[in-house]
Structures are given as structure tokens and as C-alpha cells.
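Below: one structure, written as C-alpha cells.
There are 2 protein chains.
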Amino acid sequence: MVTLADVAKRAGVSPSTVSRVVNQNGYVSEEVAERVRRAVEELDYRPNVIARSFRSKTTMTIGVVVSEITNPYFMEALRGIEEVLSPEGYLMLIASSSSVVEKELQYCMEFDRRRVDGIILASAGSSAGDLNNVFRGRSPVVLIDRIVEGAEFDCVLDDNDEGVRMLVDYLIGEGHRKFGIISGPTRITAGKERTAAFEKHLARYGCSVPPEWKWIGDAFSVEYGQAAGEVIATLPVRPSTVFCANNVLTTGLLLAFQRHGVKVPDDVSVVSYGALENGELFSTTITQIEQPARETGRVAAARLLQRMRHKDLPFEVVRMPPRLVIGRSVRALNSYHNLPE
Amino acid sequence: MVTLADVAKRAGVSPSTVSRVVNQNGYVSEEVAERVRRAVEELDYRPNVIARSFRSKTTMTIGVVVSEITNPYFMEALRGIEEVLSPEGYLMLIASSSSVVEKELQYCMEFDRRRVDGIILASAGSSAGDLNNVFRGRSPVVLIDRIVEGAEFDCVLDDNDEGVRMLVDYLIGEGHRKFGIISGPTRITAGKERTAAFEKHLARYGCSVPPEWKWIGDAFSVEYGQAAGEVIATLPVRPSTVFCANNVLTTGLLLAFQRHGVKVPDDVSVVSYGALENGELFSTTITQIEQPARETGRVAAARLLQRMRHKDLPFEVVRMPPRLVIGRSVRALNSYHNLPE
DNA sequence: TTTCGTTGTGAGAACGTTGTCACAACGTTT
DNA sequence: AAACGTTGTGACAACGTTCTCACAACGAAA
């Protein structure tokens with residue numbers, strides 16, 4: 003393997019000089035630089051980035067831990083992250099925790115051992131204590147999608163309250179008054195905030211979700227959405243609208259409804275927090291909150307860069323504005339819409 | 003930052019001994035080992051993996067270059083790769099080339115500079131010369147989904163011919179005789195093999211695709227599928243079936259059809275090589291070839307591990323068996339199915 | 001002329017680990 | 001009793017780079 007020293011010998015200069023040419027820093031005369039570049043070319047020299055990282059203590063690598071890499075939200079976020087980091091010369095180490103906190107901490111530890119310059123983490127619910135422990139005085143961290151209460155990190159995520167508000171206002175406007183909710187564990191921000199917001203905004207209209215129409219799973223999984231859907235399908239009295247707090251749950255619900263022949267919106271109306279892949283091609287397009295996933299990734303990455311440069315910035319939580327997209331999955335129940343055509 | 007030497011001092015032993023304890027190799031008495039482990043604990047020592055890699059010349063990292071990270075096929079493949087590599091202690095550097103060959107080579111180079119232990123590459127069409135050049139005598143490479151003619155690498159991909167054969171046999175069986183095709187550039191294996199296979203197997207039945215019903219795009223993009231769809235929608239005489247050689251193209255086609263009110267399968271039948279995300283929830287489920295993406299990733303990763311251990315294995319091409327999944331997107335045109343109910 | 005800043009180059013230490021070698025102590029086989 | 005293998009430990013070089021320092025040459029400012 004060709005090293006700096008080999009190039010130096012070939013070009014008749016010192017290793018220091020070659021280093022200066024390769025990294026374009028320090029003073030080098032054009033004549034010598036040219037000679038070095040030729041030697042690099044001839045020997046097909048490729049810098050040993052590991053040695054460089056070892057010496058310079060910077061790896062130009064950032065670690066990303068997501069809970070589920072196949073989730074389109076994280077996909078898009080990943081893309082946003084890459085768009086910002088790649089032009090700056092960073093590469094991404096990507097790990098998927100499958101929503102297992104132990105794995106998540108494991109990966110964070112490993113990233114730290116590998117001396118990544120920064121970490122972007124969509125936590126599956128690690129405790130602030132554990133995380134602070136792992137990162138105490140080490141690589142900067144930016145959380146994404148999920149706040150960890152008490153952890154000293156920046157965080158970029160949806161304005162869940164606002165998203166849910168839009169959904170509720172719309173549903174009320176369409177005349178709905180009887181609601182069910184399918185959500186995930188409250189230890190994850192999405193579950194906690196969206197569930198709370200839903201009840202809070204319903205309350206503004208004097209509505210509430212009866213306990214028997216609340217499905218709070220212990221994971222944002224297709225399986226749980228499906229299970230809830232099975233139950234709803236066989237219910238003697240159904241809510242007029244079911245709110246799914248997460249795109250994966252919605253998928254599950256719709257699959258169950260399809261299997262049981264429950265028609266949306268004829269039999270039940272459905273709204274979803276989070277868009278579904280290829281949703282435009284569904285038999286009924288779903289009224290949903292579109293999350294700015296890509297932009298969230300971009301903002302998180304930019305924030306991480308900032309923090310890598312200035313360690314002592316104050317920590318902040320950035321809320322991204324979601325968007326209401328109206329489909330055909332909500333039946334109009336108010337008098338206006340119900341007029342004969 | 004705590005180093006081996008710090009731990010050694012604390013435990014009253016030499017750095018060598020600490021290294022032996024941490025890596026669990028060589029002889030260490032249980033008594034000393036315990037003392038070292040305590041020192042590690044107390045000081046919160048974390049091995050500097052960069053230094054280790056530098057010295058031992060192995061990074062426990064593999065690089066993955068895909069053409070489009072959001073494509074569900076690559077998503078799944080990535081997952082398969084991770085399932086195999088993660089238990090072995092490897093982490094993945096992931097890069098998306100956006101189907102730009104220059105970016106692809108760029109990333110491969112960078113991976114090489116970073117001394118990854120291996121590379122899995124879904125090439126966007128780099129020349130064998132360029133790739134051989136980059137990797138000459140360096141990290142082992144396994145190609146995925148796309149063969150690069152003349153490059154000295156292993157490759158794992160679909161048995162495209164067999165997949166298309168199943169599709170053609172089915173279509174003929176349903177009574178179809180007039181076909182159109184939407185495909186991608188022939189410089190990419192998927193485009194080349196699937197297009198060729200389609201014509202070859204049609205020929206067995208005395209059928210062929212007339213030139214005016216052939217759409218060979220210069221990219222496997224939604225846009226191109228959509229453009230082709232627009233044309234087909236306004237055609238005075240349409241094929242009875244359109245074959246999309248790739249899931250992304252199918253998405254485009256269906257979007258265009260939806261916009262123009264073209265009904266599948268009433269107006270045109272559609273078959274797709276490659277499944278669509280959430281396809282079960284579409285207004286019409288698409289008859290399609292399901293690709294063993296995850297398994298492909300697993301096989302590629304396993305092969306890479308093998309090659310990392312034995313440099314001199316013969317190169318081989320592994321073909322993965324695709325699966326025909328029948329949906330509702332093909333209209334039965336034969337007499338049997340057309341009997342009145 | 002002296003002083004000083006800029007430009008250009010090389011010598012050599014340092015980064016934190018692993019691996020090789022040396023050596024000592026001990027138990028077992030010859 | 002000698003020879004040998006196993007167990008246990010430490011010293012020290014090496015890995016390929018960057019970084020700091022030293023120094024020399026030169027032109028410009030004092």
C-alpha cells in the first residue's frame with residue numbers, strides 16, 4: 003500500500019510537504035506541488051483516512067440511529083440529513099435499533115467508540131440518564147422526531163399539537179363527534195403528544211374519547227394497528243372517525259378494514275398522522291397530516307454541524323410545521339354537505 | 003480522554019495486559035483481569051476504535067452504495083445486509099448515488115480511502131474499467147441487482163428471465179396478445195434483461211411488441227413512467243397489457259392513468275416487475291413479480307464475508323428466484339373466463 | 001543596514017493501539 | 001534432573017498521518 007513517504011521519496015521532498023499538497027494547507031511552491039501531484043498520480047496514492055482520523059481526531063463521519071429504517075418517515079429524514087452533510091464531506095454510519103432501547107444504546111456506544119463527529123438519534127425511548135451517560139462530554143447529539151425528557155440535546159420534531167389541531171378542526175367541521183384513537187406508547191413523544199393533543203382539542207368542542215375506543219399500543223407497529231382494526235371491525239357500535247397517531251398504525255388499520263370489508267369512509271372515517279407511501283393510489287386516499295420529514299432531517303443535520311463547530315450553544319427544541327392534506331377518507335356528516343345533490 | 007495507558011496505570015499493569023483483557027486474547031490471570039475490568043469501569047474507558055483500526059488494518063465497516071436509497075427494493079436489500087453483517091460486528095457506511103455514475107465512483111473511492119473492509123454496490127452503470135481501476139487489489143466488492151459486464155466481482159441479482167417468463171405465461175394464459183412495455187436504460191441490467199426476456203418469451207407465442215408501444219426511458223424514474231402513461235392514455239389504439247419493467251415506472255404509470263381516468267384493468271391491463279409499497283391497499287392490486295430483495299441483501303452480505311476471509315474464491319453470479327403474485331390488474335380475455343356468470 | 005513578515009521546506013514527535021519478542025515461573029514429561 | 005510446553009506479564013516497535021517547531025531565503029518596511 004502506497005504511503006505518504008513513498009510519494010515523498012518519488013517526488014524528492016519530505017512527507018510534510020506531500021501532506022501539505024494533499025491537504026492544500028500551508029505554503030508550497032507551485033513547482034513542488036506539481037511534482038508531488040504527479041507522483042500521487044503515478045503511484046495511485048490514496049490517503050489513509052484512518053491514519054488521518056487517528057492523528058487529527060476527526061472522522062468526518064456522523065452516526066445516525068433510527069428506530070426502523072424501513073419507515074418512510076425516517077427514510078425521508080435520512081435523505082434530508084444526507085443532503086446537508088454530504089456536501090460538507092461527511093459520511094453516514096446508519097444503524098437501525100428496531101425500537102429496542104438496549105440496541106439503541108449499544109449502537110450509540112459503538113458510534114462513540116468509533117469517534118464519530120456527531121450523532122443524530124431517533125430514540126426508541128432511552129432514558130435521559132442512560133443517554134447523558136453515554137454521551138457525557140463527548141460527541142454532540144441531535145435528537146429527531148422524539149424528545150428525551152431531561153437529556154441535554156437539541157431536538158427537531160413535528161409540531162404535533164398543531165398537526166392534531168388541524169385534524170380535529172377539520173373533523174369537527176365535517177360534523178364528526180364520536181372518535182376513536184389508535185396510538186403508540188406514551189414513552190415516545192409521538193404517542194404522548196399526539197394522544198394528548200387529540201383529547202385536548204376535542205375538549206375544546208366538548209368532545210372526548212371514551213375509554214373503550216382508545217387503543218394505546220406498546221409499539222407503533224403494523225401488527226398493533228391491525229389488531230385494533232380487527233376489534234373496530236367487529237364492534238357493535240363504532241366511532242364515526244378513527245384517528246391513527248402514526249402512519250404505520252394506519253397501514254395496519256386499513257389492512258384489517260380491507261380484510262373485514264369495512265368501507266372507508268362509508269362505514270368508518272379514518273384520519274392519519276403521517277402520510278402513507280403511494281397513498282395517492284389507494285382505493286380511498288386518506289386525510290392526513292403530512293410531516294416535513296426531509297426538512298426535519300435537513301434542520302437536524304444543520305444544527306449538528308453548528309454544534310460541532312460551537313460546543314457551547316444553548317440547547318433548543320425546533321418544531322417543524324406539519325401540513326393537512328385532505329383525502330376522501332372522512333365522510334361529511336354535517337347538514338351542509340348532506341344536502342341532496 | 004481515557005486511554006489504555008491510563009487504565010494500565012490505575013490497575014498497576016502494563017498497557018499490553020490491558021489490551022489483552024479488553025480484547026480477550028492472550029493469557030491473563032483471572033485476578034489481574036478482574037482488576038483491569040474494574041479500572042475500565044471506574045475510568046469509563048472506551049477503546050479508541052480508530053487507533054485500533056489504524057494499527058490492525060481492519061475497520062469492521064462495510065460500505066454500501068445504492069442508486070436510490072428511497073427505492074423500497076434497496077431498502078429491503080439494505081435490511082437484509084444489516085441482518086447478516088450486524089451480528090458479525092460490522093457497521094454500514096451508506097451512500098446514495100442518485101444514479102449518477104460520477105458520484106458512485108466518488109463514493110467508492112472515498113470508501114476505499116476510509117479502508118472499509120468490503121463494499122456492496124448497486125451500480126448505476128459504471129464501466130468495468132472504472133470500477134476495476136478503483137478497486138484493483140483492494141477491498142472486496144459484491145455487486146447487487148446490477149451486473150457490470152467485465153468487472154471482476156461477485157454479483158447477486160434476480161433471475162430476471164424467469165420472472166418475466168412467469169409474467170408472460172400468465173398473460174398469454176389470460177388471453178392477451180397485444181403488449182406494450184415501459185422499461186429503463188439497457189446499460190442497467192434490469193432494463194436490458196427484462197426487456198430482452200419479455201420479447202424473447204413473447205416470441206415463443208408468436209407475439210411481439212410493436213415499436214410504437216415500446217417506451218425505453220433513460221432512467222427508472224416516476225417521471226418517465228408517468229410520461230409513458232400520459233401517452234398511453236391518449237392513444238387511439240392501446241395494447242391490451244402494459245408491462246412495467248420496474249416498480250418505480252409502475253408507480254408513474256398508475257399515477258398518469260389515475261389522472262386521465264384510465265381504468266385498470268377495464269381499459270388497460272398492467273403488470274409490474276417489482277412490488278409497490280402498500281400495494282395491498284390500492285384500488286386495484288397489481289399483478290406483479292415480487293423480488294426477493296431482503297434475501298438478495300443477505301446473500302450478498304454473506305458472500306462478502308466469505309470473500310473477506312478468502313480472497314481467492316472464484317467470482318460468481320447468484321440468481322435469486324422471483325415470485326409471481328397475481329392481483330386484479332389483468333383482465334381475463336380468454337373464452338373460459340369470459341363466460342357469463 | 002537592520003528588522004520584520006511572508007513564503008517555503010524539512011525534522012521529528014505524537015496520536016492509542018496491537019503485535020512481536022523476551023523472559024520468568026511453573027508443572028509435566030522424558 | 002533435564003527438557004519442554006503452558007501460562008502470565010512487560011518492553012518496545014510499528015502503523016501513516018498531522019502538527020509544531022526550526023530554519024532559511026527573500027522582499028519590504030524601518
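First to last, the sequence lines map onto chains G and E. The first sequence begins at 3 in the numbering used here and counts up one residue at a time. The second sequence begins at 3 in the numbering used here and counts up one residue at a time. Even glycine gets a Cβ: it sits at the ideal position worked out from N, Cα and C.
Terminal residues of the alpha helix (DSSP H) in which residue i lies
| i | result |
| --- | --- |
| G/Q228 | V224 to A235 |
| E/M77 | P74 to L87 |
| G/Q26 | Taken as a continuous stretch (DSSP letters only), G/Q26 belongs to no alpha helix (DSSP H), as it is neither H nor E. |
| G/N1 | Coverage of chain G is limited to positions 3 through 343, which leaves residue 1 of chain G absent and any answer about it impossible. |
| E/R206 | T191 to R206 |
Three-way DSSP call (helix, strand, coil) for residue i in this model
| i | result |
| --- | --- |
| E/L315 | coil |
| E/L341 | Note on E/L341: pLDDT 47, under 50, position unreliable in the model; the coordinate value appears next. In the structure shown, E/L341 sits in coil (DSSP, three-state: anything other than H, G, I, E or B). |
| G/M111 | helix |
| G/E292 | strand |
| E/T287 | coil |
| G/A97 | strand |
| G/S271 | strand |
| G/S18 | helix |
| E/R300 | helix |
| E/I52 | helix |
| E/I71 | coil |
| E/I174 | helix |
| E/T5 | coil |
| E/R330 | coil |
| E/V166 | helix |
| G/V320 | strand |
| G/R325 | strand |
| G/L335 | coil |
| G/L278 | coil |
| G/V66 | strand |
First and last residue of the uninterrupted beta strand (DSSP E) at residue i
| i | result |
| --- | --- |
| E/T243 | T243 to C246 |
| E/F155 | Neither: E/F155 is in no beta strand (DSSP E) and is coded neither H nor E. |
| G/K216 | K216 to I218 |
| G/R37 | Here G/R37 belongs to no beta strand (DSSP E); instead the alpha helix (DSSP H) covers E32 to L45. |
| G/G182 | F181 to S185 |
The ligand ZN heavy atom lying under 7 Å from the CB of residue i
| i | result |
| --- | --- |
| E/K105 | As for the ligand ZN, it is missing from this structure, which has no ligand bound. |
Exercise. When you check each C-beta in the segment 30-54 of chain G against every C-beta of chain E, which residues fall closer than 7 Å?
Worked result: R48, P49, N50, V51, I52 and A53
Exercise. At which residue ranges does the segment 115-143 of chain E contain complete beta strand (DSSP E) runs of 3 or more residues, listed in the order of the chain?
Worked result: 120-123
Exercise. Counting Cβ pairs, one atom from each stretch, are 3 or more of them under 8 Å apart for the segment 243-253 of chain E and the segment 182-200 of chain E?
Worked result: yes
Exercise. Which of the residues in the segment 111-124 of chain G, read from start to end, lie with their CB under 9 Å from any CB of chain E?
Worked result: M111, E112, F113, D114, R115, R116 and R117
Exercise. What residues from the segment 237-266 of chain E come within 9 Å of chain G, judged by C-beta to C-beta, listed N to C?
Worked result: T253, L256, L257 and Q260
Problem set entry | Residues from the segment 283-305 of chain E in contact with chain G, defined by Cβ distance under 7 Å | L283, F284 and S285
Exercise. Pairing CB atoms from the segment 321-330 of chain G with CB atoms from the segment 284-294 of chain G, are three or more of them under 8 Å?
Worked result: yes
For this session: Check whether the segment 35-54 of chain E touches the segment 32-49 of chain G, counting contact only when three or more Cβ pairs, one atom from each stretch, lie closer than 8 Å.
Result: no
Exercise. Can at least three beta-carbon pairs, one atom from the segment 140-150 of chain G and one from the segment 80-87 of chain E, be found at a separation below 8 Å?
Worked result: no
Exercise. Are there three or more Cβ pairs, one per stretch, closer than 8 Å when the segment 164-184 of chain E is compared with the segment 216-227 of chain E?
Worked result: yes
For this session: Pair every Cβ in the segment 100-108 of chain E with every Cβ in the segment 4-15 of chain G, then say whether three or more of these pairs are closer than 8 Å.
Result: no
Exercise. Would the segment 15-31 of chain E and the segment 190-199 of chain G be scored as touching if the rule is three or more Cβ pairs under 8 Å?
Worked result: no
For this session: Output, in sequence order along the chain, the residues in the segment 265-281 of chain G whose CB is closer than 7 Å to any CB in chain E.
Result: L278, E279 and N280
Exercise. Are there three or more Cβ pairs, one per stretch, closer than 8 Å when the segment 199-211 of chain G is compared with the segment 228-240 of chain G?
Worked result: no
Problem set entry | Chain-ordered residues of the segment 93-110 of chain E with a beta carbon less than 8 Å from chain G | L93, M94, L95, I96, A97 and S98
For this session: Take every Cβ of the segment 318-325 of chain E, pair it with every Cβ of the segment 290-310 of chain E, and state whether three or more of those distances are shorter than 8 Å.
Result: yes
Problem set entry | Chain-ordered residues of the segment 53-71 of chain G with a beta carbon less than 8 Å from chain E | A53, S55, F56, T61, T63 and I71
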